[in-house]
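Protein chains in written order, with the working numbering: chain C, 1 to 518; chain E, 519 to 827.
Every residue gets a Cβ at the ideal spot worked out from N, C-alpha and C, and that includes glycine.
Quick notes on the structure that follows.
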Amino acid sequence: MEKMVRFMKAFLFVLMFIVGISFMTLYPVHAQIPELKIGIGIDADTLNPQEQTTTLVQNMCDLIYDTLFYQTPDGKLEPRLATGYKASKDGLSYTITLQKGVKFSDGTPFDAKAVKLTLDRALDPKLRVPLRFAIAMIKEVKVIDDHTLQIDLKYPFAPFVPTLSLTICSPISPAAIEKYGEEVRQNPVGAGPYILKEWVKGDRIVMVRNENYYGKKPTVARLTFKIIPETATREAMLRTGQIDVCYKPLPSNVASLKADPNVTVEMPLSTRTIFMGLNYQKGVTQNKLVRQAFNYAVDKRAICSKILFDTAVPMNGPVSSILFGYHKMAHQYEYNPEKAKELLKKANFDFSKTVNMRTPQGRYLFDQQVSEAVQAYLQAIGVKTELRTYDWPTYVAGLLKPIQETELEVFLLGWGPLILDADMGLYGQFHSSTNPPKGLGAAHYNNPEYDKLMDASRLEQDPKKRLEILKKASEMVWDDCPWIWLHVEKFVIAYSKKIKGMVVTSTEKFYPTYIRME
Amino acid sequence: MFQYVLKRLLSTLPVLIGISLLLFFMLRMLPGDPAQVLAGQMASQEDIQSIRQQLGFDKPIFVQFGLFLSRLIRFDLGRSARTQNPVLEEIGSRLPNTVLLAVAAITLACLFGIPAGIISAVRRYTWIDYLFTSMALFGISMPVFWLGLMLVVVFSVLLKWLPAGGTGSFKHIILPSFTLAAFVVAFITRMTRASMMEALSQDYITTARSKGLKEQMVIIKHALKNALIPIITVVGLQFGLLLGGAVLTETVFAWPGMGRLIVDSILARDYPVIQGAILIFGLLYILVNLVVDLIYAYIDPRIRYDGRK
């Protein structure tokens, strides 16, 4: 009998061991998620990564195409379709090595020729490539061998390799370009973890897992992007489990979503700064003291907490703190209406004049309300203001007028660098070459000393020295105040509490590729 | 009758040409550059100019209009500036959804509005009349956006009976069609009530009653039939409007219809899509009016369109 009991015990132990092992082996199978439903506000216009300007659609393109490099949320550069790079000493030539044995989802081999074709297309002026300016430094792309490329630049550009992490540089299958021509925008073929399965205009975009993806197999088999323009509906659908992810919920509802035990809210600081541009060359804001007074007059903390429900933080440097090259400024323009009045008095400000303010409506988070708050703060120090509201196309047409024609005095705008480097902010908004109509540096900031610093920063290959130059430039522009330095937005995304391992970036992107469901 | 229909259809041509002419020049008077919107705020002037050329917006305005007309004659509405898809394809992907929603909403509105109007007229100045007229007033006064969100909160979030948005099943259409119907039903109820009250005060109703006809027969066969013309006019007009898209309802319920397409296109200054969508909307409106006119003739034998007296 005892033998029998012992045998049974041993048998049970072995059985449990086998079952345990089986569960462990089966775990990855169980970890597969059949579908993830993502609620988004807008439909894609094109899924050609080179035609895109919308971050959300670039995000979708990243899932289909994959990028050469990838900037992690903390700004580090990771290889993806490229494995590494070497820069020449003069910074004018980069050798890029590529992954071997990778195929696009249509079976076409991924090689240096495919990357060259992609970059050549992005540089072709006959094609519609809105963000071409971001790679305008590329002079020529040469194929060295099947998996090595050489990219020559027109001028040294220190943040060139992070630039290669942009969606615009994502390799497109040459066979797809051959087959579909420009219709590749509707028939995207890349080497990314997902393949476009279905696109019902205005309703949904469905992607399925690329079973031949060169990287780790994605855990989600199917991604459904549901187009739900109304934010309140998106949130309701998240709460009822009809969708798993809610892209950009309303700031006013963030607190209640956070309180929901079934919802996770992530809100990393974004690269996007929101500011009130002050015309540097024309009108009352020409005077530096007036510009500084306006900065003291506005309570940015109150705007962030009362209007934006803490989905933004006040700027304490001219760019977002997550960018390489950011420096917190020693002197801050804390809310001080008395000091503002003093400065205006010192500047002999004409209080009988009405200052024209402009704002877009619906382009940025509570843009009109923020402008109205700034208007109230300026009026509180005795400045007469008139605020006009425009829809975006009309607004941007007004911003782009050259200094002789512009009527801009005080205007709200946002600027979000695409890579985690301060260049696109400090150069893209304040270098005199970006003054309208050439660029959207609509404050018309023009400071030759500053230009010299920014030109030097692009040439400098040593990151430490470059940081020093960017610091000097930041201090200079911060003191000159071509903007009322308002706030840096946070990128808000809410998703089911069951989801673990979602990657959310400061460039307002998210990657559900390797999530787990608990 | 056939001649009349043909004549009406032919008469739509100058109307449509008029619409396209007005639309074409009015759109170009709007401030804002479609190439700039497409290029995004960071693009260089060279790239914006290149996009302008690709879209043909760099040509003189009369040349653009000539090209637009020559394409229109070939039933080609051009390509969307935003997506580069043929405009007909863009409209074709949205129009069936809009028609479906409009039909569902108008059916619901008629099913409730006509009986409610009849009861209100028959039982005038009683509690039920006040109830229905108050409901009609409520329907007209309630913002569609608010009603839609309230329905989502109650039926999707709290009760979890119906989906909050999207398409794909019968359940998906219930909330948006109800929201739209609530607005339309108010017009139908009020018009039915007024029209029925007028009909019920006519001498032929007294005659019918004195003949000893049942009250139900008097109301349905004699009063309603004569009161139908203005009701059909209202239903036709409302249906025509709904075919143009109901942007607020479509937005709340993530319904991919024409309303959202038109608004998105206006915000992006996508001229070809705006022109195409408004033209199709104009055509549908004219057709709905024609159908309404033909129904008049069916209901009232005194109305004839074939020239006979």
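Item	Value
Three or more C-beta pairs below 8 Å linking the region 795-806 of chain E and the region 561-575 of chain E	no
Interface residues of chain E facing C/P437 [CB-CB closer than 7 Å]	Q563
Alpha carbon of C/H487 to alpha carbon of C/K300, nearest angstrom	7 Å
Stretch-stretch touch, CB-based, cutoff 8 Å, three pairs: the region 199-208 of chain C with the region 645-657 of chain E	no
Exposed unless 16 or more other CB atoms sit within 10 angstroms - verdict on E/W773	buried
C/C89: first and last residue of the uninterrupted alpha helix (DSSP H) it sits in	The sequence as given places Lys at residue 89 of chain C; Cys does not occur at that position. Premise fails: C/K89 is in no alpha helix (DSSP H) and is neither H nor E.
Beta-carbon contacts of C/I38 that lie in its chain and below 6 Å, excluding the five residues immediately before and after	F225 and V245
Counted within 10 angstroms of its Cβ, other Cβ atoms place C/D120 as buried (16 or more) or exposed	exposed
Cβ-based burial, E/M547 [other Cβ within 10 Å; buried from 16]	exposed
E/R612: contacting residues in chain C (beta-carbon distance under 9 Å)	K201 and G202
Run of the beta strand (DSSP E) containing C/G414, from where it starts to where it stops	V410 to W415
Where the beta strand (DSSP E) through C/I403 begins and ends	Premise fails: C/I403 is in no beta strand (DSSP E) and is neither H nor E.
Classification of C/E230 by the beta-carbon crowding that lies within 10 angstroms, buried from 16 upward	buried
Cβ-based burial, C/E489 [other Cβ within 10 Å; buried from 16]	buried
Simplified DSSP assignment, three categories, for C/A82	strand
C/Q537, buried or exposed, once every other Cβ within 10 Å from all chains shown has been counted against 16	In this structure chain C extends from 1 to 518, so residue 537 of chain C is not present and cannot be described.
C/C246 - partner residues in DSSP beta bridges	C/G39 and C/A494
Where C/F133 falls: helix, strand or coil (DSSP)	helix
Residue(s) in a DSSP beta bridge with C/G519	Since the first and last residues shown for chain C are 1 and 518, residue 519 of chain C lies out of range.
Below-8 Å beta-carbon distance, E/M714 vs any chain C residue	no
Bridge-paired residues (DSSP) for C/P314	C/H487
Nearest residue (CA-CA) to E/W679, options C/Q242, C/T505 and C/P251	C/Q242
E/Q793 versus E/L585: straight-line alpha-carbon distance, rounded	13 Å
Residue burial classification, C/H423 (beta-carbon count within 10 angstroms, cutoff 16)	First, the residue type needs correcting, since residue 423 of chain C is Asp and not His in the sequence shown. Flag for C/D423 reads buried.
Extent of the continuous beta strand (DSSP E) run through C/E140	I138 to D145
Contact with chain E by C/F510, beta-carbon distance below 8 Å	no
Short Cβ contact (8 Å threshold) for C/Y280 with C/L343	no
Rounded C-alpha distance that separates C/L81 from C/Y194	15 Å
Nearest-angstrom beta carbon gap, C/A236 and E/V675 [assumed within contact, 8 Å]	5 Å
Straight-line Cα distance separating C/D421 from C/F324	5 Å
Interface partners of E/S568 on chain C, CB under 9 Å	P125, K126, L127, R128, V129 and R132
Cutoff 8 Å: E/R778 Cβ touching any chain C Cβ	yes
According to DSSP, residues forming a beta bridge with C/R388	C/R358
Nearest-angstrom Cα separation, counted from C/L238 out to C/L36	12 Å
Proximity test, Cβ basis, 8 Å: E/A764 and chain C	no
Anticipated Cβ contact below 8 Å, E/R787 with E/V555, distance rounded	5 Å
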